[in-house]
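Residue numbers (this note's numbering): 16 to 187.
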């Protein structure tokens, strides 16, 4: 084995630019690789979308809408399931809040089970993660979301949801 017994002194400017442990921690709200996602389910208000990756004759995977409800057919073309997956993949939280059964999540965070959500699935309909969409934080461009599988509520930038271009979707 090669061992280095020398201690080196580094200039201050190198040390000052090193990341601290908290800065490099994974802050994704749902941890997954985008290749895993085979199906996406979205529900908000009376609107519903179910899309699935389907292989074409050449073996290339493309998103196909299996079910939609109360969404104009022309507006569905503006929704990219790749963008949905990508935005959730890139949604890093600003703050994490532990789930507390004593708190009314609907009143405090605008989060209600199965009211407004995005659910990602891998093969065999195994749930990767669910993002329950809550309310906007007053005077900030941030919203509350909950990932029930992790039993945590997060604060994320609202752009991660608004960038999805969901027809008639409003952050409350």
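Quick reminder that beta carbons are idealized off the backbone N, C-alpha and C, glycines included.
Could you work out which residue in the options is closest to residue i when comparing CA atoms only?
i: residue 80; options: 89, 64 and 87; result: 64
i: residue 44; options: 115, 146, 174 and 72; result: 146
i: residue 66; options: 87, 100 and 42; result: 100
i: residue 114; options: 173, 167, 178 and 185; result: 167
i: residue 129; options: 41, 161, 117 and 153; result: 161
i: residue 176; options: 88, 86, 95 and 118; result: 95
i: residue 132; options: 140, 62 and 154; result: 62
i: residue 111; options: 178, 140, 88 and 172; result: 172
i: residue 154; options: 143, 187 and 78; result: 187
i: residue 178; options: 86, 20, 102 and 22; result: 102
Just reading off the beta strand (DSSP E) that residue i is part of, what are its end residues?
i: residue 169; result: 167-172
i: residue 92; result: Run containing residue 92: none; DSSP gives neither H nor E here.
i: residue 113; result: 110-113
i: residue 73; result: Note, residue 73: premise wrong, no beta strand (DSSP E); not H, not E.
i: residue 55; result: 54-59
Exposed or buried, what is residue i when buried is set at 16 or more other beta-carbons lying within 10 Å of its beta-carbon?
i: residue 51; result: exposed
i: residue 97; result: exposed
i: residue 46; result: exposed
i: residue 157; result: buried
i: residue 84; result: exposed
i: residue 74; result: exposed
Rounded to whole angstroms, what is the Cα-Cα separation between residue i and residue j?
i: residue 138; j: residue 54; result: 8 Å
i: residue 136; j: residue 121; result: 25 Å
i: residue 127; j: residue 180; result: 22 Å
i: residue 58; j: residue 134; result: 9 Å
i: residue 60; j: residue 106; result: 22 Å
i: residue 72; j: residue 92; result: 22 Å
i: residue 49; j: residue 24; result: 41 Å
i: residue 151; j: residue 69; result: 35 Å
i: residue 124; j: residue 104; result: 22 Å
i: residue 117; j: residue 42; result: 26 Å
i: residue 88; j: residue 82; result: 11 Å
i: residue 159; j: residue 184; result: 16 Å
i: residue 163; j: residue 109; result: 18 Å
Under the DSSP definition of a beta bridge, which residues are partnered with residue i?
i: residue 145; result: 134
i: residue 183; result: Residue 183 pairs with nothing; no bridge assigned.
i: residue 158; result: 151 and 171
i: residue 49; result: In DSSP, residue 49 forms no bridge with anything.
i: residue 79; result: 67
i: residue 117; result: Answer is none; residue 117 lacks a bridge partner.
Would you kindly report the start and end of the unbroken alpha helix (DSSP H) that includes residue i?
i: residue 124; result: 120-124
Are there any heavy atoms of the ligand FMN lying less than 8 Å away from the beta-carbon of residue i, as far as the coordinates show?
i: residue 141; result: The ligand FMN is not part of this structure, which contains no ligands at all.
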